[in-house]
Amino acid sequence: MGIEDEIRRIAATNAVEHGGSASLKAVLSRLLGSHPELRPRVKELIPLVRRIVEEVNALPLEEQEKMAQIREKKEAKRGLEPLPGAEGGVVMRMAPNPSGPLHIGHSRMAVLNDEYVKMYGGRLILRFEDTNPTKVDPEAYDMIAEDLEWLGVEVHEKVYQSDRMELYYRVAEEMIRRGCAYATTRSQEEIRESRRRGIPLPERNAPPEENMETWRRMLEGEFGEGEAVLIVKTDLSHPNPSVRDFVAFRILEREHPRTGTKYRVFPTYNFAVAVDDHYNGVTHVLRGKDHMVNTEKQRYVYRCMGWREPVFIHYGLVRIVGVNLKTSRIREGILRGEYSGWDDVRLGTLRALRSRGIRPEAIREYWLEVGLKDVDINFSWETLYAINRKIVDPVAPRIFFVPHPKEISIRGLGEARVTIPLHPSRDLGSRTITLPAEPRILVPSRDWDGLRIGEVARLKYLANVRKVSDSAAELVSREPGDVSALRGRIWQWAPSGDSIRGRILYPDGSVEGGAFEPYATKLTEKIVQMERVGFGVLYGRGGWLEARFAHR
Numbered sequence: 386m387g388i389e390d391e392i393r394r395i396a397a398t399n400a401v402e403h404g405g406s407a408s409l410k411a412v413l414s415r416l417l418g419s420h421p422e423l424r425p426r427v428k429e430l431i432p433l434v435r436r437i438v439e440e441v442n443a444l445p446l447e448e449q450e451k452m453a454q455i456r457e458k459k460e461a462k463r464g465l466e467p468l469p470g471a472e473g474g475v476v477m478r479m480a481p482n483p484s485g486p487l488h489i490g491h492s493r494m495a496v497l498n499d500e501y502v503k504m505y506g507g508r509l510i511l512r513f514e515d516t517n518p519t520k521v522d523p524e525a526y527d528m529i530a531e532d533l534e535w536l537g538v539e540v541h542e543k544v545y546q547s548d549r550m551e552l553y554y555r556v557a558e559e560m561i562r563r564g565c566a567y568a569t570t571r572s573q574e575e576i577r578e579s580r581r582r583g584i585p586l587p588e589r590n591a592p593p594e595e596n597m598e599t600w601r602r603m604l605e606g607e608f609g610e611g612e613a614v615l616i617v618k619t620d621l622s623h624p625n626p627s628v629r630d631f632v633a634f635r636i637l638e639r640e641h642p643r644t645g646t647k648y649r650v651f652p653t654y655n656f657a658v659a660v661d662d663h664y665n666g667v668t669h670v671l672r673g674k675d676h677m678v679n680t681e682k683q684r685y686v687y688r689c690m691g692w693r694e695p696v697f698i699h700y701g702l703v704r705i706v707g708v709n710l711k712t713s714r715i716r717e718g719i720l721r722g723e724y725s726g727w728d729d730v731r732l733g734t735l736r737a738l739r740s741r742g743i744r745p746e747a748i749r750e751y752w753l754e755v756g757l758k759d760v761d762i763n764f765s766w767e768t769l770y771a772i773n774r775k776i777v778d779p780v781a782p783r784i785f786f787v788p789h790p791k792e793i794s795i796r797g798l799g800e801a802r803v804t805i806p807l808h809p810s811r812d813l814g815s816r817t818i819t820l821p822a823e824p825r826i827l828v829p830s831r832d833w834d835g836l837r838i839g840e841v842a843r844l845k846y847l848a849n850v851r852k853v854s855d856s857a858a859e860l861v862s863r864e865p866g867d868v869s870a871l872r873g874r875i876w877q878w879a880p881s882g883d884s885i886r887g888r889i890l891y892p893d894g895s896v897e898g899g900a901f902e903p904y905a906t907k908l909t910e911k912i913v914q915m916e917r918v919g920f921g922v923l924y925g926r927g928g929w930l931e932a933r934f935a936h937r
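When you line the sequence shown up against the working numbering, it's residues 386 to 937, in that order.
Laid out in structure tokens, this is it:
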């Protein structure tokens, strides 16, 4: 299939998914996600994609469906099982807390919701759960949206819980009128003891009018923080004390980044989520098994209000080790200077993975393979890296990085002009290194120190040389000859005078200094393979280079 045919198919698919109208941005994003090798050509592709999108949008829906060759919408995709109860349409949501950017764990929720919505031609809502002003980072709203766009997640609507306070208040008052909620000024300890023992507080059985009066006094500012709460009635004999009569509203005297000081009575997670899922028309909720208790709490709100529940699907938990995922700790580390930012290579944020060269399509493929399994698993970095390697290997230029370089001279080598391919099997171009007679070059000190006097090594694409002293080698031949006789002694190298000082940052926090060949300066902001080292992304640092290591 040619590139125009591929664009036309993607555009037709996107059009069918959205009532006959394809989006230029969505089509381009899906094209580049499937064909990362086209990213360097994005500017020249935009006019082509725009033309094809306009042509497809002008077609009748029947023609778009034929062109897209759409599969039955309920057909499972790879590891995804069909959704139960999807006959009437699918509306799903992602609901992050805007306390920081997304990390690799959050990406599971994003990918699975996105895939299911695309499978069924549904709608995906990005809902910012920002009703606790103490946990909101104003910059996180944009960071989360950027992370999702990078992942290729198509958001159809954005919702901010902080904009919906009046709605929460109306539902709260209706629940009070129906006898499903009550307000109390009891201490936290009294409330906790009441739940533990399963004994009702006096306010629980008070007339709705009395509870409504206490509630209104809460809204009017007559109580301070911690002095009054609104509670949803559940079952005081429930075997899990945390489900018994949970707090729905509390007073927080903090300024909110979006609403300022307009509100001081904020809903808790379970109340706001239940209200929003209903009014947003959410049909299916994907969440981890650790939310099963929350699901049970939210059902009490649904029952009281007579609402139809969405389909709740709980998947197994994923244990992710080796990186810091705790937002509050990361923020503290950034403020202390321990981390360079949210994209520090030691972190598990999507920004950190992106900065290292981990592709969004690799993350997507990983989570599709995991799917909605209900068993708990350990996240496999090696599996993610293997998927990513498959994606980047064909498009990553090869360069030389010399760790801990040792300068040596090459006796008997005349002036040389060496042309080196940027890829061993793909036509990605080449680079040329010019050397004077008997040049001084840099080689890995560990390799040099391990080579005994009189032994031969191959300087890749340049020459076979014999070690004659601690700082010199002599030319044996320009041709590689019998490579097997070298016993793996084939080294990367860099010209001493023109090399670029640099370092590699590794996810485990280690740093390796060295030198890059001159051509590396032309590959900044790109994924490369540093021969005999691994893949990573290069960054210019004002006269020197830094590589953020991805994997081998």
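Every residue gets a Cβ at the ideal spot worked out from N, C-alpha and C, and that includes glycine.
- Your pair Ala870 and Leu860 does not check out as a contact, with CB atoms roughly 17 Å apart and the cut at 8 Å.
- Straight across, the Cα-Cα distance linking Gln573 with Val678 is about 21 Å.
- Taken in chain order, the complete beta strand (DSSP E) segments of 3 residues or longer contained in the stretch 646-722 are 650-652, 669-673, 696-700.
- Taking C-alpha positions only, Ser725 is separated from Leu769 by approximately 24 Å.
- Ala822 sits exposed, since fewer than 16 C-beta atoms from the chains shown fall within 10 Å of its C-beta.
- Only residues of its own chain outside the window of five on either side were considered, and among them Val703, Ile705, Leu710 have a CB closer than 7 Å to the CB of Gly490, listed in chain order.
- Assignment of beta strand (DSSP E) within the stretch 769-809, counting only whole runs of 3 or more residues, yields 786-788, 790-796, 801-806 in chain order.
- In this structure, Ile576 and Trp600 do not form a Cβ contact; the two beta carbons are roughly 16 Å apart against a cut-off of 8 Å.
- Assignment of Trp535 by DSSP, reduced to helix, strand and coil, places it in the helix class.
- The Cβ atoms of Ala935 and Gly742 sit closer than 8 Å to each other.
- By the beta-carbon neighbour count (other beta carbons within 10 angstroms, threshold 16), Asn625 is exposed.
- Beta-carbon to beta-carbon, Tyr545 and Phe513 are separated by about 5 Å, close enough to satisfy the 8 Å threshold.
- Judged by DSSP secondary structure, Val544 falls within the beta strand (DSSP E) whose first and last residues are 542-545.
- By the CB criterion at 8 Å, Leu416 and Glu389 fall outside the cutoff.
- The three-state secondary structure of Trp876, taken from DSSP, is strand.
- Residue pairing for Leu860: DSSP places it in a beta bridge opposite Val850.
- Per DSSP, reduced to three states, the secondary structure at Val401 is helical.
- Considering only Asp761, Thr569, Pro518, Leu604, the residue with the shortest C-alpha distance to His641 is Pro518.
- Boundaries of the beta strand (DSSP E) around Gly899: 896-901.
- Secondary-structure assignment with DSSP links Gln914 through a beta bridge to Arg783, Phe920.
- Put simply, of Ser856, Val434, Glu931 the residue whose alpha carbon is nearest the alpha carbon of Ile889 is Glu931.
- Unbroken alpha helix (DSSP H) runs of no fewer than 4 residues, entirely contained in the stretch 414-455, are found at 427-442, 446-453, following chain order.
- His491 carries a helical assignment under DSSP once its states are collapsed to helix, strand and coil.
- Its chain contains Ala566, Trp600, Leu615, Ala633, Phe634, Pro652, Phe656 as the residues whose beta carbon lies nearer than 8 Å to that of Ala557, once the 5 sequence neighbours on both sides are disregarded; these appear in chain order.
- In the three-state reduction of the DSSP assignment, Ile838 falls in the coil class, being assigned neither a helical nor a strand state.
- For Val755, the enclosing alpha helix (DSSP H) stretches over residues 745-755.
- In the DSSP assignment, Glu931 is bridged to Arg888, Tyr924.
- The beta carbon of Val730 sits closer than 8 Å to those of Ala737, Ser740, Arg741, Leu890, Tyr891, Pro892, Arg933, Phe934, all from its chain and outside the five residues before and after it, given in chain order.
- One thing to note: Met477 has its Cβ no nearer than 8 Å to the Cβ of Leu511.
- Looking only at Arg639, Leu671, Ala568, the smallest Cα-Cα distance to Asn498 is reached by Leu671.
- C-alpha of Leu604 to C-alpha of Asn442: approximately 51 Å in a straight line.
- In this structure, the beta-carbon distance from Arg749 to Gly537 falls below 8 Å.
- For the pair Leu807 and Ser815, the CB atoms are nearer than the 8 Å cut-off.
- Distances from the alpha-carbon of Glu717 to those of Asp522, Phe764, Val686 put Asp522 closest.
- The Cβ atoms of Glu610 and Leu637 lie closer than 8 Å to each other.
- Secondary structure of Tyr553 (DSSP, three-state): helix.
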